[in-house]
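Participant: Going down the list, the protein sequences come from chains E and R.
The opening residue of the first sequence carries number 1 in my numbering; numbering runs sequentially from there.
The opening residue of the second sequence carries number 313 in my numbering; numbering runs sequentially from there.
Note that the Cβ used here is the ideal one computed from N, Cα and C, for glycine as well.
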Amino acid sequence: MAAPDKVTDLTSAVATHVRDGMTVALEGFGHLIPFAAGHEIIRQGRRDLTFCRMTPDLLADQMIAAGCVSKLVASFFASGSAGSLREVRRRVESADPAPLEVEEYSHYGMVCRYQAGAAGLPFFPLRSYAGSDLPKLNPLIRKVSDPYGGPDIYVVPPLRPDVTILHAQRADRSGNVQMWGIVGAQQEAAYAAETVIVTVEEIVEEDVVRSDPNRTVLPAHAVTAVIECPGGAHPSYTQGHYDRDNAFYREWTPISRDREAVLDWLEEWVHRVPDRAAYLDKLGAERWAGLGVAPRPSQPVDFGRRVAQEAS
Amino acid sequence: MSTTFSDVAPSSTEFLAAVAARQLVGKRRVFAGVGLPTLAVDLARRTVNPDVELVYESGICGAQPEGLAEGIADSVLVSGAAAVLSMPALFGYVLQRGHVDVGFLGAAQIDRWGSLNTSFIGDWDRPTVRLPGAGGAAEIMPNAGECIVVLRRHDPGALPAELDFCTSPSPVRAHQEDPRMVPPGHGVSTVITPMTVLRRPEKLGELEISEVHPGLTVDDVRAATGWEIAVADDVRETARPTVEEVRLLREEIDTVRLYLR
Chain E
1 MAAPDKVTDL TSAVATHVRD GMTVALEGFG HLIPFAAGHE IIRQGRRDLT
51 FCRMTPDLLA DQMIAAGCVS KLVASFFASG SAGSLREVRR RVESADPAPL
101 EVEEYSHYGM VCRYQAGAAG LPFFPLRSYA GSDLPKLNPL IRKVSDPYGG
151 PDIYVVPPLR PDVTILHAQR ADRSGNVQMW GIVGAQQEAA YAAETVIVTV
201 EEIVEEDVVR SDPNRTVLPA HAVTAVIECP GGAHPSYTQG HYDRDNAFYR
251 EWTPISRDRE AVLDWLEEWV HRVPDRAAYL DKLGAERWAG LGVAPRPSQP
301 VDFGRRVAQE AS
Chain R
313 MSTTFSDVAP SSTEFLAAVA ARQLVGKRRV FAGVGLPTLA VDLARRTVNP
363 DVELVYESGI CGAQPEGLAE GIADSVLVSG AAAVLSMPAL FGYVLQRGHV
413 DVGFLGAAQI DRWGSLNTSF IGDWDRPTVR LPGAGGAAEI MPNAGECIVV
463 LRRHDPGALP AELDFCTSPS PVRAHQEDPR MVPPGHGVST VITPMTVLRR
513 PEKLGELEIS EVHPGLTVDD VRAATGWEIA VADDVRETAR PTVEEVRLLR
563 EEIDTVRLYL R
């Protein structure tokens, strides 16, 4: 029996799987950030999402400004070279235009939450937080005694998103997803979720995947829908395909300072653009070519093939 | 090797990066952050410590970047690295298990024990400034062998008697909560500011003035600090960057002036 074909388009995937009020994780640690999928969520006008993302950078600023998010679960509220997330800051510092509920951890705290969710565990211990004010800020960070007699230790609860959305280099039609470069906590965030949507630079033949099984971060059983979406991580990057659009990140800082400018940007670059292909057209071939990378291929590895052994 | 000293201002990025780079003599594995630490580790690789292994919280171990990284997840850190690990492996096995010798951290506020605030200025509920939060700093502080903090300003607001919020606690605060929960790492060993180099020789002790930058006095540093700061027995003047160190920073490391201003 052939494996089911999970390839769909982004509009259908979001319409089918992402509903108002859901807990949605969009992961990718500075790499493979699923911007195209986030923009589709904005276009479809989702509301009241609990948005989970370790580093809510520009993507969070955009989705929050668009009114999609009522709660943010995260561990770092800034964007590297783009600096502060002004939409997040406006809401947190002055409830402008509305307050934003924030549930805050450290990076490893978020990683441990995904690990607990992925493995079906009730909580996950980590050696952080002793002496920190974070457990007072977030009462879900709790301290337990070690049943084996060691010192007390802090634990975090599982994070189980309704939907996790990721971007990757490639997948086959049945949903075996391969990625390389920085892989962050994507495998954990996917296994923690009920539904997993993955956009990829290219859909490849099953043989390509099977030629290098260690490269598969998510086997098909962990993936609900696959969408071919070249350029889907811009302005972040996809290792080996295109580089981070650093100029875009810098351009965001002045936009982010002014809520009207953010809304204008969303109107121009999200609402009036039907899909990622149109977004890339609008970005222009010249700018896109400027993000190209030179080849630096890995050396192929040899998995070997069993040859018949003579019976002794 | 030239030992001509540069006259760059002690508050300049070049001065702070050169002082930070010298702290890495003999250190094997360094957890590097974005910005000034990127310059410092790059300079250290070209001067005092060619063999230092760079580890980034994005999962990269043994980075050998061909260009200046813009951020800790830059593709230039990935290409040619020795390994790229998942975040459970990086934070759990590499960092929490104790494989990192030095962590570089920044902060909006630091207190006398070397606890850091990177979360809020003002009230937690309605902060005057919402800062970036913990990131990996809350893990680096307890688990790295020691932490070096670089501050871009030195005044009683940045070095207050009481933090507005403690994001990444010193072992002193962990000890106050429960002596059995004191982490393996030393916590902050060194603080580099535009005025001074502070050191914290004891794991459960206070920061003290160890070096004072050229043109400043111990009293200047005291007056700019929010608590009655201790003074080491043998305070000396901070060694200026050499002309060669400044040249490397400007002409070979940050040619595009990403971090140097």
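Do we get a CB-CB distance below 8 Å when we pair residue 316 (chain R) with the residues of chain E?
Facilitator: So, not an interface residue.
Participant: Can you tell me whether residue 250 (chain E) is buried or exposed? The criterion is at least 16 other CB atoms within 10 Å of its CB, across all chains shown.
Facilitator: The residue is exposed, with fewer than 16 neighbouring Cβ atoms inside 10 Å.
Participant: Can you list, in chain order, the residues of its chain with a C-beta nearer than 8 Å to that of residue 319 (chain R)? Leave out the 5 residues immediately preceding and following it.
Facilitator: If we look at residue 319 (chain R) and ignore the five residues flanking it on each side, its Cβ neighbours are 552.
Participant: Determine whether the beta carbon atoms of residue 170 (chain E) and residue 202 (chain E) lie at a separation below 8 Å.
Facilitator: In contact: residue 170 (chain E) and residue 202 (chain E) (Cβ atoms closer than 8 Å).
Participant: Using beta carbons (cut-off 8 Å, strictly below), is residue 181 (chain E) in contact with chain R?
Facilitator: By this cut-off, residue 181 (chain E) is an interface position.
Participant: Of all the options E:120, E:32, E:208 and E:67, which has the alpha carbon lying nearest to the alpha carbon of residue 98 (chain E)?
Facilitator: Minimum Cα distance to residue 98 (chain E) is reached at E:67.
Participant: Residue 293 (chain E) to residue 379 (chain R), Cα distance in whole Å?
Facilitator: The alpha-carbon atoms of residue 293 (chain E) and residue 379 (chain R) are separated by roughly 13 Å.
Participant: Counting only Cβ pairs nearer than 9 Å, list the residues of chain E close to residue 448 (chain R).
Facilitator: The contacting residues are 75, 76, 106, 107 and 108.
Participant: Do the CB positions of residue 136 (chain E) and residue 154 (chain E) come within less than 8 Å of each other?
Facilitator: No. Outside cutoff.
Participant: Count the other C-beta atoms from every protein chain shown that fall within 10 angstroms of the C-beta of residue 13 (chain E), then say buried if there are 16 or more, exposed otherwise.
Facilitator: Per the 10 Å Cβ criterion, buried.
Participant: Check distances from the C-beta atoms of the stretch 472 to 490 of chain R to those of chain E and list, in chain order, the residues that come in under 9 Å.
Facilitator: Listed by position, the residues of the stretch 472 to 490 of chain R near chain E (Cβ gap below 9 Å) are 475, 477, 478, 479, 480, 481, 482, 483, 484, 485, 486, 487, 488, 489 and 490.
Participant: Taking residue 437 (chain R) as the reference, which of E:38, E:91, E:125 and E:126 has the closest Cα?
Facilitator: For the residues E:38, E:91, E:125 and E:126, the minimum Cα distance to residue 437 (chain R) belongs to E:91.
Participant: Identify the residues that DSSP records as bridge partners of residue 374 (chain E): which are they?
Facilitator: No answer is possible for residue 374 (chain E): the residues shown for chain E start at 1 and end at 312.
Participant: Take residue 119 (chain E) as the anchor and find which of E:222, E:228 and E:204 has the nearest alpha-carbon.
Facilitator: The shortest C-alpha separation from residue 119 (chain E) is found at E:222.
Participant: Could you list which residues in chain R have their beta carbon closer than 8 Å to that of residue 185 (chain E), in chain order?
Facilitator: Per Cβ cutoff of 8 Å: 398, 399 and 400.
Participant: By the criterion of Cβ-Cβ separation under 8 Å, what are the contact partners of residue 151 (chain E) in chain R?
Facilitator: The answer, in chain order, is 490, 492 and 493.
Participant: Output needed in chain order: residues of the stretch 427 to 456 of chain R with a Cβ under 8 Å from some Cβ in chain E.
Facilitator: From the stretch 427 to 456 of chain R, only 427, 431, 436, 438, 439, 440, 441, 442, 443, 444, 445, 446, 447, 448, 449, 450, 451, 454 and 455 have a Cβ closer than 8 Å to chain E.
Participant: Give me the subset of the stretch 254 to 273 of chain E whose CB atoms are less than 8 Å from a CB atom of chain R, sorted by chain position.
Facilitator: Residues passing the 8 Å Cβ filter: none.
Participant: Closer than 9 Å between beta carbons: that is the criterion. Which residues of the stretch 500 to 522 of chain R meet it against chain E?
Facilitator: Residues: none.
Participant: Since residue 537 (chain R) is in the beta strand (DSSP E), which residue starts that stretch and which ends it?
Facilitator: Careful: residue 537 (chain R) lies outside any beta strand (DSSP E) and carries neither H nor E.
Participant: Can you tell me where the beta strand (DSSP E) with residue 102 (chain E) in it begins and where it stops?
Facilitator: Residue 102 (chain E) -> beta strand (DSSP E) spans 101 to 104.
Participant: Any idea what DSSP makes of residue 52 (chain E), helix, strand or coil?
Facilitator: Here residue 52 (chain E) sits in strand by DSSP.
Participant: Determine contact between the stretch 459 to 471 of chain R and the stretch 105 to 120 of chain E, defined as no fewer than three beta-carbon pairs at a distance below 8 Å.
Facilitator: Short answer: they don't touch.
Participant: Is the separation between the beta-carbon of residue 501 (chain R) and that of residue 512 (chain R) shorter than 8 Å?
Facilitator: Yes, the pair counts as a contact, with Cβ atoms nearer than the cut-off.
Participant: Residues of chain C with a CB under 9 Å from the CB of residue 93 (chain E): which are they?
Facilitator: The question asks about chain C, but that chain is absent: this structure's protein chains are E and R.
Participant: On the criterion of 16 or more Cβ atoms from any shown chain inside 10 Å, does residue 568 (chain R) qualify as buried, or is it exposed?
Facilitator: The residue is exposed, with fewer than 16 neighbouring Cβ atoms inside 10 Å.
Participant: Is residue 343 (chain R) helix, strand or coil when you go by DSSP?
Facilitator: Residue 343 (chain R): strand per DSSP, three-state reduction.
Participant: So which residues of chain R does residue 191 (chain E) contact, with C-beta pairs closer than 9 Å?
Facilitator: The premise fails here: residue 191 (chain E) is roughly 11 Å from chain R at the closest Cβ pair, so nothing lies under 9 Å.
Participant: Enumerate in chain order the residues of its own chain whose CB-to-CB distance from residue 475 (chain R) is below 7 Å, with the five nearest sequence positions on each side excluded.
Facilitator: Same-chain partners within the cutoff: 421, 423, 427 and 429.
Participant: Determine, using beta-carbon pairs with one atom in the stretch 43 to 59 of chain E and one in the stretch 4 to 23 of chain E, whether at least three such pairs fall under 8 Å.
Facilitator: Yes: at least three Cβ pairs fall under 8 Å.
Participant: Does chain R have any CB closer than 8 Å to the CB of residue 223 (chain E)?
Facilitator: Taking Cβ atoms only, chain R never reaches closer than 8 Å to residue 223 (chain E), which makes this a no.
Participant: Do you know offhand how far residue 371 (chain R)'s Cα is from residue 311 (chain E)'s?
Facilitator: Going from the Cα of residue 371 (chain R) to the Cα of residue 311 (chain E) covers about 47 Å.
Participant: My understanding is that residue 526 (chain R) touches residue 550 (chain R), with C-beta atoms under 8 Å, so please give their C-beta distance in whole angstroms.
Facilitator: Contact holds; Cβ gap of about 7 Å.
Participant: In chain R, which residues lie with their C-beta within 9 Å of the C-beta of residue 58 (chain E)?
Facilitator: Under the 9 Å cutoff, chain R gives no residues; its nearest Cβ is about 12 Å from residue 58 (chain E).
Participant: Can you tell which of E:239, E:109 and E:40 has the C-alpha that lies nearest to the C-alpha of residue 297 (chain E)?
Facilitator: Among E:239, E:109 and E:40, the Cα nearest to that of residue 297 (chain E) is on E:239.
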